[in-house]
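Step one of this worksheet: look at the structure below.
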Amino acid sequence: MRNLSSLKTLRLRRNQLKGRLDHIQGLNNLTNLKYLDLSDNSIESISNQDGTQWRLTNLEELDLSNNLFRNNTISFPQGLSSLKSLTLYNNSLQGSLDTKGLSNLTNLKKLDLRWNQIESFQSFKDGGRKLESTHLEELNLDYNLFNTSVFASLNKLSNLKSLSISGNQLKGSIDMKDLDAFIKLRELDLSDNELKDLVIHQENKGLRNLKVLFLYHAFTDGSIPLQNLVESFSSVKAFHLQHNYLNMTLATQELNVSRNVEELYFDGSTLNTNILQSIGVFASLKTLSLHDCGLIGPLPNHGWCDLRNLEVLDVSGNALEGMLPHCFSNLTSLRELDISANRFQIPLSFAPFANLSNLKVLSGDENKMVMEPSFYTSVPKFQLTSISLSKCITSQQLNLELPTFLYYQYDLRYVDLSHNNFSGTVPTWLLENNTKLEVLILMGNIPLCLSVMKDLSFLDLSNNQLYGKVPEELIAKGSLTILRLSNNKLSGNVVPVVLNSNGVQNLYLDGNNFSGEMTNVDLSTFEFPNSIREIDLSNNKLHGKLPRWIGNASFLERLALSNSGFEGSIPMEFCKLNRLEFLDLSQNHLSGSIPSCFNPPNIEHVHLHGNRLRGPLSLAFYNSSSLVTLDLRGNNLTGNIPKWIDTFSSLSVLLLKDNHFHGKVPIQLCKLHSLSIIDLSQNMFSGPIPSCLGNLSLPMQTKKILDIGIYRQSTEEDESTRIMIANLGLDSYYPYSYFEEVIEFTTKSGFYSYKGDILSYMTGIDLSCNNLTGHIPPELGNLSEIHSLNLSHNKLTGVIPSSFSKLHQIESLDLSYNNLSGEIPNQLVELNSLEVFSVAFNNLSGSIPEPKAQFGTFIENSYEGNPFLCGVILHNSCSKTDSPSTISTVSEDKGEDGLIDTYDFCVSFLVSYVVVLLTIFVVLYINPYWRRAWFSLVGKCITTCHYSNVSNSYLSHFQAMCLATQIAI
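Under the numbering used here, the first residue of the sequence shown carries the number 5, and numbering increases by one thereafter.
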């Protein structure tokens, strides 16, 4: 590194640096280095064995997060004298931390010790000096194990401006005197603790400059009134009190509150509607957020209407109802309003908002639109930049038309009027009046004037009854980034729409009536637009072969052509899609083999199920370390699962159901530590179940879900508008990508589709309908995170492992249609999450598990086909079969499966013997001829036996004489 002496920034994040970081001397040659990032490695120490220390005198920022540093590696020498920022987030620091080394960093301004297990600072605890870093301004101790004594150990940090101790062990009361030393503190975070009260003194000297206080989920028992909080932190302007229990804490009328309070956030807290009557005492309040606070009933006519400085109001997600009170017009400073997800009655003229001249952002989704008297003709004073009125309820007699006040709006950038069934076509004046419109989500036909809107970048007209062709002017206009026309009745040739989409990045045309072939294209007349990243043409009426020209889409990342009637083989040109991450060609009529060259370096999700693909798995996807989902269900694939499948190091979902695979289940699957869903059912696999499958951790995998991102406006001239929209969360409803990963899996005796967060938590193994033999490995009981296990319709023998009682998350367990024997382990009653259980049609015996907990919900068909099982719900008492059951169980435990019960055998033999004797007696008694013949036969047998015995006697005597003669000789 001698030649890099002028280097100022060095990032070595996410490499393979492990253990002791050697070559310190090489780093010391970087004399001008100011920023060094060594995060996300496995470094344990940063000093050489010979004692060489760092001498980076100009280094200002050092990031050592996500490593393995321990307490004895934090003593940094004077060689880092210029260091201003040190990050030790998520290391192995624990217990008492020696702060002596930190005191050497005299210029340190920012220290991040989040996500460790630090309990205290050692030098203070042992009677030595306290943590001293006179220049420290930001200290983050989130998610450690500190208690309330931590404040006393930090009172030498007189220049501290930001202190965060969320997610620690702060419990009970905090003495405000312990915070007196923080005279320059401006921001304090005590969230996610278990506080009950604050000890207030008459003269609080500290926290005079505190402006922002975070107490998210800090008070959960309702014991502290808001009055105490405000008085304790009299200088604070913004209180973040989300997700607390503050019911009735504003019921008093004697609140001695500070006029400094400008922002109050109660989102997710438990409140009473009367808070709106008392909130008016905060005369300087600018922001009030009451989202999802359990507020019910109509809005009061006083209190909150006195907040004449209020700029942001959010009462969404409650059960407020009725008309907005007349005093609402007093809020003349209001800029952002969110009343969505309530039961308000909003007149189509929006008269209650008419005097709010500063209103810019309005969200009224999921309320009720009502008519007002026809003589009302007031022109609103506001000019909105964003409005969302999606999914509003209306009375049956109301003829749905666009709200009349929209006619007077000229500055709209964001409009969502979807799911309202407005009659008629989209009025052209809405588009012509708002030339800066960027996001439009509505119902109706495609207006031609959309093509002249130069700033329109996001257009969603999905889920309507649109028909006809897509206007060429709309596609070729150049400003569109996202175009979604999904689930309409659009028709015609889709090829020109795709090839003329200049500037479009995401194109969604799925769920329409586009028809014809996509192969008849003269490529000399078209140049594939290099802007396109995503194309979805699923669920159309196309036919013919897959278009080879898609191989020219070198920037394509996601492609969906499912259920569109394609046939033939997968073109070799698809191998050129090197940036492809998602491919869905499922539910077509594709045949042939998967091209061996298909191995995109970034491929993550592949869906080819429901086709006619055949042959063995070639080298397609070989060494695809990025592959997360491989779905090949319902094809004609043959051969073994290749041993190189362990190269799929990121594989989380493997679906090979309903093919013709054979051979053994490869043990290489056990090396895929990210696996969480495995479906090998309906094949011809044989041999035993690999016991190493029990070593799979079946982890929760967020990577199973596609990253969709969030769409945000791209213009730069109105930053304030974008901030307001983001604050209300309006744009969070509209993802940048509409692709969604969906996994189909059979469990609980049904066929389910999993997507979103549920998919990330879903785990299951299905090996049913094969030819698997041998015992069920007891190691499968180690799959403590599994939700579904299906081993039915095989040839498995032996007993049900008692270790299955450790499957605490199991919801569906199917062992039916095998040759299992022995008793059902009674420990299975501990499976409290079990919803579906079947051991039907085996050779099980003995008593079924006690009918308690979940086993009290299972009926007779869970056990049918096992004649030697007994229990109340089987109408078969266990009292008579205790002994045979015990004998059977013992023999079965020794491996002698399928023996007939001894008691039943003796009874049946005796009955048959008696029946035969009675039949002979009756026949001889009735027929005298047969009787004489029978007695004659018996007489001859007796005579023959007599002479035979005499002869044998003489013969024995003669042999004895011969033997004696030989001995004498």
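Cβ atoms here follow ideal geometry from the backbone N, Cα and C, with glycine treated the same way.
#1: Using 8 angstroms as the Cβ pair cut-off and three pairs as the minimum, do the stretch 741–759 and the stretch 531–541 touch?
#2: For Thr510, list the residues DSSP reports as bridge partners.
#3: Tell me the rounded alpha-carbon separation between Ile814 and Tyr93.
#4: Alpha carbon to alpha carbon, what distance is there between Gly272 and Gln126?
#5: How about Leu848 and Leu811: do their beta carbons lie closer than 8 angstroms?
#6: Who are the near neighbours of Glu571 in its chain, counting only those whose CB is closer than 6 angstroms to its CB and skipping five residues on each side?
#7: From the DSSP output, in three-state form, read off Ile930 for me.
#8: Out of Leu710, Arg637, Ser153, state which residue places its alpha-carbon closest to the alpha-carbon of Glu608.
#9: Using 10 angstroms around the beta-carbon of Cys945, count the other beta-carbons present and answer buried if the total reaches 16, otherwise exposed.
#10: Please classify Asn931: is it buried, with 16 or more other beta-carbons within 10 angstroms of its beta-carbon, or exposed?
#11: On a CA-only basis, which of Ser239, Asn248, Gln246, Tyr249 is nearest Val265? Give me that one, please.
#12: Take Gly768 as the anchor and find which of Leu776, Ile747, Gly760 has the nearest alpha-carbon.
#13: Does Cys601 pass the burial test, meaning 16 or more other C-beta atoms within 10 Å, or should it be called exposed?
#14: What residues in its chain sit with their C-beta under 6 angstroms from that of Lys580, if we drop five residues either side in the sequence?
#15: Give me the residue from Asn497, Gly496, Val501 with the minimum Cα distance to Arg488.
#16: Give me the Cα-Cα distance between Leu702 and Val632, rounded to the nearest whole angstrom.
#17: Measure the C-alpha to C-alpha separation of Asp296 and Asn359 and round it to an integer number of angstroms.
#18: Comparing C-alpha positions only, which one of Leu294, Arg339, Pro302, Pro304 sits nearest to Gly321?
#19: Leaving out five residues on either side along the sequence, give the residues of the same chain with a beta carbon under 7 angstroms from the beta carbon of Leu11.
#20: For Asn517, which beta-bridge partners are listed by DSSP?
#21: Looking only at its chain, what residues have a beta carbon closer than 8 angstroms to the beta carbon of Val876, apart from the 5 residues adjacent to it on each side?
#22: From this set, Val833, Tyr867, Thr923, which residue's C-alpha is nearest Ala857's C-alpha?
#23: Within 10 angstroms of the Cβ of His791, are there 16 or more other Cβ atoms? Answer buried if so, exposed if not.
#24: Specify, as a first and last residue, the run of the beta strand (DSSP E) that Thr432 falls within.
#25: Cα separation between Thr182 and Val154?
#26: Measuring only the C-alpha atoms, how far is Ser483 from Met457?
#27: Do you know how far the Cα of Arg17 is from the Cα of Thr336?
#28: Can you tell me whether DSSP reads Asn19 as helix, strand or coil?
#29: Only counting runs of 4 or more residues, tell me where the alpha helix (DSSP H) segments fall wholly within the stretch 795–828, in order along the chain.
#30: According to DSSP, simplified to helix, strand and coil, what is Ser887?
#31: Nearest chain C C-beta to Ser166 closer than 8 angstroms, yes or no?
#32: Buried or exposed: Arg15, going by 16 or more other Cβ atoms within 10 Å of its Cβ?
#33: With 16 as the cutoff for other CB atoms within 10 Å, does Gln509 come out buried or exposed?
#34: Would you give the residue range spanned by the beta strand (DSSP E) that Asn232 belongs to?
#35: Bridge partners of Ser150, per DSSP?
#36: Is the separation between the beta-carbon of Asn794 and that of Asn774 shorter than 8 angstroms?
From the atom records:
#1: yes
#2: The amino acid at residue 510 is misidentified as Thr; the sequence shows Asn. For Asn510, which the question treats as bridged, DSSP gives the partners Ile486, Glu538.
#3: 35 angstroms
#4: 38 angstroms
#5: no
#6: His593
#7: helix
#8: Leu710
#9: exposed
#10: exposed
#11: Ser239
#12: Ile747
#13: exposed
#14: Gly555
#15: Val501
#16: 14 angstroms
#17: 27 angstroms
#18: Leu294
#19: Leu34, Asn36, Leu37
#20: Ser495
#21: Pro855
#22: Val833
#23: buried
#24: Counting along the chain, Thr432 falls outside any beta strand (DSSP E), though it belongs to the alpha helix (DSSP H) covering 432–437.
#25: Looking at the sequence shown, residue 182 is not Thr but Asp. Rounded to whole angstroms, Asp182 to Val154 spans 9 angstroms at the Cα level.
#26: 9 angstroms
#27: 51 angstroms
#28: coil
#29: none
#30: Here Ser887 scores only 39 on pLDDT, less than 50, and its place in the model should not be relied on; the value that follows carries that caveat. If DSSP states are grouped into helix, strand and coil, Ser887 belongs with the helices.
#31: Of the chains in the structure shown, none is chain C; there is only one protein chain.
#32: exposed
#33: buried
#34: Premise fails: Asn232 lies in the alpha helix (DSSP H), 230–236, not in any beta strand (DSSP E).
#35: Here residue 150 is Phe; the residue named in the question, Ser, does not match the sequence. Paired residue(s): none; Phe150 is not in a bridge.
#36: no
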